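The structure under discussion appears below in the form of structure tokens.
There are 2 protein chains.
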Amino acid sequence: MTNPMDQLPARQQQALKTRQKLLQAGKEVFLENGFQKATISQVIKKAKTGYGTAYVYFKNKDELFITLMEDLMNLFYKVAEMPFMPQTKEEAYENIKKQVRMFLQLALDERDMMKIVKEAIGVSPEIDHKWYMIRERFIERILVDIRYAQAQKLAKERLNPALTARGWFYSNEMFMWELVMNKDKYKLDDVIVNLTSMYTGGLYE
Amino acid sequence: MTNPMDQLPARQQQALKTRQKLLQAGKEVFLENGFQKATISQVIKKAKTGYGTAYVYFKNKDELFITLMEDLMNLFYKVAEMPFMPQTKEEAYENIKKQVRMFLQLALDERDMMKIVKEAIGVSPEIDHKWYMIRERFIERILVDIRYAQAQKLAKERLNPALTARGWFYSNEMFMWELVMNKDKYKLDDVIVNLTSMYTGGLYE
DNA sequence: TGTTTGATTGACACTATGTCAATGATATAA
DNA sequence: TTATATCATTGACATAGTGTCAATCAAACA
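Chains as they are written, first to last, in our numbering: chain A, 4 to 208; chain B, 4 to 208.
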């Protein structure tokens, strides 16, 4: 047994346990009620702690939710950091398609939580900022990829790489939300292929 | 004088005037404080009416804001309905560019209000739905255009027109918000050209 | 065992919402 | 002109949530 809690004095163990109880209860309350309708009162009730206790561990509802979000966000960061070094246009297409699939699939795997995240982004400036950071990290990464493709003479050099990277991420993000909110309206594969084809080849002959 | 109010009995005139006072005060309060921080109390104070009066004319803060939004939304509908019947790829490019410019310019002209709209979309499901309708109207219109271009053999027929229309609107919308929230970060013309070029021609050679 | 430290608590002050019975002003009918 | 009906207006009230803090309780330590 190497549970890190074993080494701590009983009092800190208790504190950690209380914190965990609040997080677990918080997750349940958020999933059941959505972000706006969830209240601290519901959380403490479910966690079976006193009212003030929640405020000892988290500044407010937003901070509690951000803590819950963090693991999820790290998964997104991982996808953003995927390597990209194609030698041909075809290889680029396959690579891009793969990354799009990973991004969308991750969002769908965490669908219930992502729905709450979307709601929370609109309501809480702190959470909005958190998502903004993820977005910029993706865009930064795409920018590197586009510059690489341009240097390799694979991609059109007259396009502004920064704007192109941003636009490309935006398309992905919006379809991601659409899939999360409205899972059965689209076939995932169709979305991936169309997105990637449009990006690499454009609409007109 | 053909002011429609002249023909109404004095009592209804008074009622309309009170409603107008509330709308005007509401607009000021929203612009000064943003959507979330604005309160009904601030509005009635500015409108110099009793507290309950606001609730006579509007169900709640959301409804009051939606009423304020409506004129703005009609301007967007106008842009969505622009005709599109190009004969050549070049003509299509110019047409599209023009519509993109009108869309982005409109949002920038109404920048202060659009900022509040963005905030309100995240907070209020009713307002979110209102924006959703505008979005779908644009996408519907783009879909017609794409089908037309495909029928004319200008656009690639293997692309899914519904998904392509959606993706294209999403890119426009996201850059619109980016410009509204962050006006000086980008040059409008660069955004328009890059957006349109990507859409019509894609990234890869 | 007594003392200190820090985790836990719920009562409290505060802010906002939406409702409603009472009030007041205008329209209508006698 | 006056009496009555109608409807706009009002603010006090019930309700619901937030965040704070002084008091309490239990573990750690000397």
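Where is the CB? At the ideal position from N, CA and C, for every residue including glycine. Given the structure is predicted, the values throughout are model-derived calculations rather than measurements.
Item	Value
Once DSSP output is grouped into helix, strand and coil, what is the label at residue 41 of chain A?	coil
Using a Cβ cut-off of 7 Å, which residues of the segment 25 to 39 of chain B contact any Cβ in chain A, in chain order?	none
Pairing CB atoms from the segment 48 to 62 of chain B with CB atoms from the segment 13 to 22 of chain B, are three or more of them under 8 Å?	yes
How big is the Cα-Cα spacing for residue 27 of chain A and residue 87 of chain B?	54 Å
Indicate whether residue 181 of chain B and residue 169 of chain A have their beta-carbon atoms separated by less than 9 Å.	yes
Note down, in chain order, each residue of its chain lying with its Cβ closer than 7 Å to the Cβ of residue 128 of chain B, except the 5 sequence neighbours on either side.	none
Using a Cβ cut-off of 9 Å (strictly closer), state whether residue 176 of chain B contacts chain A.	yes
In chain order, what residues of the segment 110 to 138 of chain B put their CB closer than 7 Å to some CB of chain A?	124, 125 and 126
With a Cβ-Cβ cutoff of 9 Å, do residue 121 of chain B and residue 201 of chain B count as a contact?	no
Report all residues from its chain with a CB closer than 8 Å to the CB of residue 164 of chain A; omit the five preceding and five following residues, and keep chain order.	146, 149, 150 and 153
With 9 Å set as the bound, which would you pick, yes or no: does the beta-carbon of residue 158 of chain A sit closer than that to a beta-carbon of chain B?	yes
For residue 163 of chain A, which residues in chain B fall below 7 Å Cβ to Cβ?	193 and 197
For residue 85 of chain A, count neighbouring C-beta atoms within 10 Å of its own C-beta (all shown protein chains included) and say buried if the count is 16 or more, exposed if not.	exposed
At a CB-CB cut-off below 7 Å, which residues of chain A make contact with residue 167 of chain B?	197, 201 and 206
What in chain B is Cβ-close to residue 170 of chain A, meaning under 8 Å?	174, 177, 178, 197, 198 and 201
Using the beta-carbon count (16 or more within 10 Å), is residue 188 of chain A buried or exposed?	exposed
Output the residue ranges of the alpha helix (DSSP H) runs that lie fully inside the segment 104 to 172 of chain A and measure 4 residues or longer, sorted by chain position.	114 to 126 and 128 to 154
Do you know offhand how far residue 70 of chain B's Cα is from residue 206 of chain A's?	38 Å
Let me know the secondary structure DSSP gives residue 18 of chain A once reduced to three states.	helix
Please list the partners that residue 154 of chain B has in chain A, where partner means a Cβ-to-Cβ separation under 9 Å.	Per Cβ cutoff of 9 Å: no residues; residue 154 of chain B is ~13 Å from chain A at best.
In angstroms with no decimal places, state the Cα-to-Cα distance between residue 142 of chain A and residue 190 of chain B.	18 Å
Would you mind working out which of B:72, B:14 and B:53 sits nearest residue 119 of chain B, comparing C-alpha positions?	B:72
How would you list, in chain order, the residues of chain B whose beta-carbon sits under 8 Å from the beta-carbon of residue 95 of chain A?	207
Got a sec: is the Cβ-Cβ distance from residue 143 of chain B to anything in chain A below 9 Å?	no
Taking Cβ positions only, does residue 181 of chain A come closer than 9 Å to chain B?	yes
Might you give, ordered along the chain, the residues of its own chain that have their beta carbon closer than 6 Å to the beta carbon of residue 17 of chain B, omitting 5 neighbours on each side?	none
Residues bridged to residue 207 of chain B by DSSP?	A:158
Assess, as a yes-or-no matter, whether the segment 105 to 114 of chain A is touched by the segment 47 to 57 of chain A under the definition of 3 or more beta carbon pairs within less than 8 Å.	no
Could you tell me the alpha carbon to alpha carbon distance between residue 197 of chain B and residue 44 of chain B, rounded to whole angstroms?	46 Å
Looking at the C-beta of residue 69 of chain A, does it have a partner C-beta in chain B at a distance below 9 Å?	no
Could you say which of A:138, A:134 and A:100 lies nearest to residue 199 of chain A if we only look at CA atoms?	A:100
Is the beta carbon of residue 34 of chain A less than 9 Å from the beta carbon of residue 131 of chain A?	no
Need the endpoints of the alpha helix (DSSP H) that residue 85 of chain A sits in, please.	Here residue 85 of chain A belongs to no alpha helix (DSSP H), and DSSP marks it neither H nor E.
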